[in-house]
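Asker:
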Amino acid sequence: MSGFRELGSEPGGRSDGSARALAPQAAIAGVVSLAGATQLVLLGTGLARSGALAFLAVGGALLASVLLHVTGRAVRGSSSGRSAPGRPEEPTAVPLESAPERELWRVRASVDDTPGNLAALTEQLALLDADIRTMQVHPVADAAVDELLVHLPAGTGHDELVTAVARAGAGRITAERTDPHELDDVPTRALRLAGDLVEGAAEPTRALRALLGEVSLRRAQSSTAEADELDGPTMRLLHPSGGVLTLHRTAGEFTPAEFARARSMLRLAGSCGQRLGQPANELTARDGSRVTLRPADHSDLALVRALHEHCSGAARHRRYFAAGTPTEHQLDLLLTPALGRCAVALSERGEIVAMGNLGYDGDDGELALLVRDDWQGLGVGSALRDELIGHAAELGLNTVGALTQLDNAAMVRTLRSAGFRHAGAGEPGEWSWVLDLRNGAACSRVHAGRAGSRRTLAETSPH
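All letters in the sequence shown, in the order written, are residues 1 to 463 by full-length UniProt numbering.
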């Protein structure tokens, strides 16, 4: 066992305070020894009785001396504030200031792979009072990409953080606030996202954003792409539903490890789709009928064609702004996942009674709905609207637009109740509408609408 030495102790291990404490006891022991020797002398000379009286007097004097000494020490100890021997003082509790409020940031930067560069980066972050929570180093061809999750004081701004990282000699810097769930290590995060894909709680594009951070995604039909490819800040992946998914990072390149993870995530999504089928959502319409909402693809062509045949000419005209029925090829394009999202509502008899389409080009999407005449006014169109707008938000689209005819009052109510605003007239007799998904209030309405789809459509959709 190791012990603590009092302040002022000597190398031998005994302190000056201890020596002073033992001095009176040593003196008393010496007096007792002397008394014993004197007793032997007195017994030898025959003066034992006189010696006994003398010893009693000396003993009383010694006892009084000891009592006075002990009392004096106690008085001096209390006046100096020291604790009694053998009872260590309890530490005084000092209230600490509460930790300042902090925010979690994700920082990516390209750093030359030379000794000292990482130390320079951490030094600059320390000047911002940063707490580095996790760090990953991704090797690339001529450098290393450092990805850090750091806690910073709440007042730290984006420009201030980027400037500090740049002073360390880093380049291609990105910095963004992120969610505390990002503190999961990469394997844990990948497994969690894979579980969401299997359970149908996430779609491939949403999972890729959560895995790779701030990236832009664009999906397009392509008949020439045959394999996945990585090209610096851009990667192209074959989507399991057809077409090519292009991912781009504005600052910094994708690493080979990130490319491998993204490919595996999409392959898992394709496998889950084949085994589990399309995710479905069962709802109750205003009249009590049960309907099922799910994504549609080429296999639904016959049901979609039957929907159009059961719709009136006026309903089809309000949807396509033209007379007649779309051709087989046109309907097939509406069901092509690479060109957009198609969602359908099925009755309990298995008929498609409504369909909605979300087309997108870049960061902007366009919404269109078609509801069979006998199912209008039951909230089915509003449920499809919420489903497609929610998908647009997951894709990271900035806006969703829609086009209506002037006399299509039902569609106007459906759009307005979701937060669409009138954006002018594209052509005579037409109105243009737009929903800005960058608006926090609009996104809140979208999430509330999708969450409410677990209840009846009469409770969640006014139109």
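C-beta: ideal position from N, C-alpha, C; glycine also. Please read these numbers as outputs of a predicted model, since none were measured by experiment.
Candidates D196, V412, L237: which alpha carbon is nearest R385's?
Answerer: Checked all of D196, V412, L237; the closest Cα to R385 is V412.
Asker: Going by DSSP, name the residue or residues bridged to A220.
Answerer: Beta-bridge pairing links A220 to V244.
Asker: Which partner residues of W433 appear in the DSSP bridge assignment?
Answerer: In the DSSP output, where bridge partners are listed per residue, W433 has A402, H422.
Asker: Is L149 near R106, with beta carbons less than 9 Å apart?
Answerer: In this structure, R106 lies closer than 9 Å to L149 by Cβ.
Asker: With a Cβ-Cβ cutoff of 9 Å, do R341 and L369 count as a contact?
Answerer: Cβ distance not < 9 Å, so R341 and L369 don't count as in contact.
Asker: Could you please give me the residues that DSSP links to Y360 through a beta bridge?
Answerer: Its beta-bridge partners are G365.
Asker: Just to confirm the assignment: which complete alpha helix (DSSP H) runs, minimum length 4, are found wholly within the region 116–149?
Answerer: Entirely contained in the region 116–149, the alpha helix (DSSP H) runs reaching 4 residues are, in chain order, 117–127.
Asker: Do the region 398–411 and the region 314–328 touch if we need at least three Cβ pairs shorter than 8 Å?
Answerer: Taking 8 Å as the limit for Cβ pairs, the verdict is that the region 314–328 does touch the region 398–411.
Asker: For G195 and P187, what's the separation of their Cα atoms in angstroms?
Answerer: Cα-Cα distance, rounded: 12 Å.
Asker: Note the first and the last residue of the continuous beta strand (DSSP E) segment covering T255.
Answerer: Per DSSP, T255 belongs to no beta strand (DSSP E) and is neither H nor E.
Asker: For the beta strand (DSSP E) holding A392, just list the boundary residues, first then last.
Answerer: Careful: A392 lies outside any beta strand (DSSP E), inside the alpha helix (DSSP H) at 380–395.
Asker: Alpha carbons only, please: which of A285, N281, A402 is nearest the one belonging to T292?
Answerer: When each option's Cα is compared against that of T292, the closest is N281.
Asker: Could you check what DSSP says for V94 in three-state terms: helix, strand or coil?
Answerer: No answer about V94 holds up, because its pLDDT of 39 lies below 50 and its placement is not dependable.
Asker: Is the distance from the Cβ of D364 to the Cβ of T399 below 9 Å?
Answerer: Yes, the Cβ-Cβ distance between D364 and T399 is below 9 Å.
Asker: Along the chain, where does the alpha helix (DSSP H) that runs through V412 open and close?
Answerer: 409–416 is the extent of the alpha helix (DSSP H) around V412.
Asker: Note down the Cα distance separating G288 from V353, rounded to an integer number of angstroms.
Answerer: Cα to Cα, G288 sits roughly 15 Å from V353.
Asker: Evaluate D373 with the Cβ neighbour count: other Cβ atoms within 10 Å of its Cβ, from every protein chain shown; 16 or more gives buried, anything less gives exposed.
Answerer: Result: exposed.
Asker: Under 9 Å, do P337 and G242 count as touching if we go by C-beta distance?
Answerer: Contact flag set, yes.
Asker: Got a sec, what are the start and stop residues for the beta strand (DSSP E) T292 sits in?
Answerer: Residues 290–295.
Asker: Helix, strand or coil: which one does DSSP assign to P326?
Answerer: P326 falls in the coil class under three-state DSSP.
Asker: Taking just the CA atoms, how far does R108 sit from R177?
Answerer: Between R177 and R108, the C-alpha separation is close to 12 Å.
Asker: According to DSSP, simplified to helix, strand and coil, what is V304?
Answerer: If DSSP states are grouped into helix, strand and coil, V304 belongs with the helices.
Asker: Going by CA-CA distance only, name the one from A227, R192, V304, A144 that's closest to L346.
Answerer: Answer by Cα proximity: V304.
Asker: Three Cβ pairs or more, each shorter than 8 Å: is that satisfied between the region 231–241 and the region 251–266?
Answerer: At 8 Å Cβ cutoff, the stretches touch.
Asker: Just the C-alpha distance for L22 and A120, rounded to the nearest angstrom, thanks.
Answerer: Summary for L22: the model assigns pLDDT 47, below 50, so the residue's position carries little reliability; its value from the coordinates is reported in the next sentence. Distance between the alpha carbons of L22 and A120: 58 Å.
Asker: Apart from the five residues just before and just after H298, which ones in its own chain have a Cβ nearer than 8 Å to its Cβ?
Answerer: For H298, where only same-chain residues beyond five positions count, the Cβ hits under 8 Å are D332, L335, T336.
Asker: Quick check: V344 and R294, are their CB atoms within less than 9 Å of each other?
Answerer: Result yes, Cβ atoms of V344 and R294 sit closer than 9 Å.
Asker: Where does R319 sit, in a helix, a strand or coil, going by DSSP?
Answerer: Of the three classes helix, strand and coil, the one that applies to R319 here is helix, per DSSP.
Asker: Looking at the secondary structure, which residues open and close the beta strand (DSSP E) in which G340 lies?
Answerer: Looking at the DSSP string, the run of the beta strand (DSSP E) that includes G340 is 340–346.
Asker: Quick check: is the beta carbon of L217 nearer than 9 Å to any beta carbon in chain C?
Answerer: Checking the listed chains, one finds no chain C in this structure; it contains a single protein chain.
Asker: Measure the CB-CB distance between E147 and L211 and report whether it falls below 9 Å.
Answerer: No. Outside cutoff.
Asker: Can you give me the Cβ contacts of P428 inside the same chain, cut-off strictly under 6 Å, excluding the 5 residues immediately before and after it?
Answerer: No residues qualify anywhere along the chain.
Asker: Leaving out the 5 sequence neighbours to the left and right, which residues in its chain are closer than 6 Å to R438 when beta-carbon positions are compared?
Answerer: Hits under 6 Å: N398.
Asker: Bridge partners of D231, per DSSP?
Answerer: D231 is bridged to T234.
Asker: Straight-line CA distance for A126 to G396?
Answerer: Distance between the alpha carbons of A126 and G396: 34 Å.
Asker: Quick one, which of R219, A220, T246 has its alpha-carbon nearest G232's?
Answerer: The residue with the shortest Cα to Cα distance from G232 is T246.
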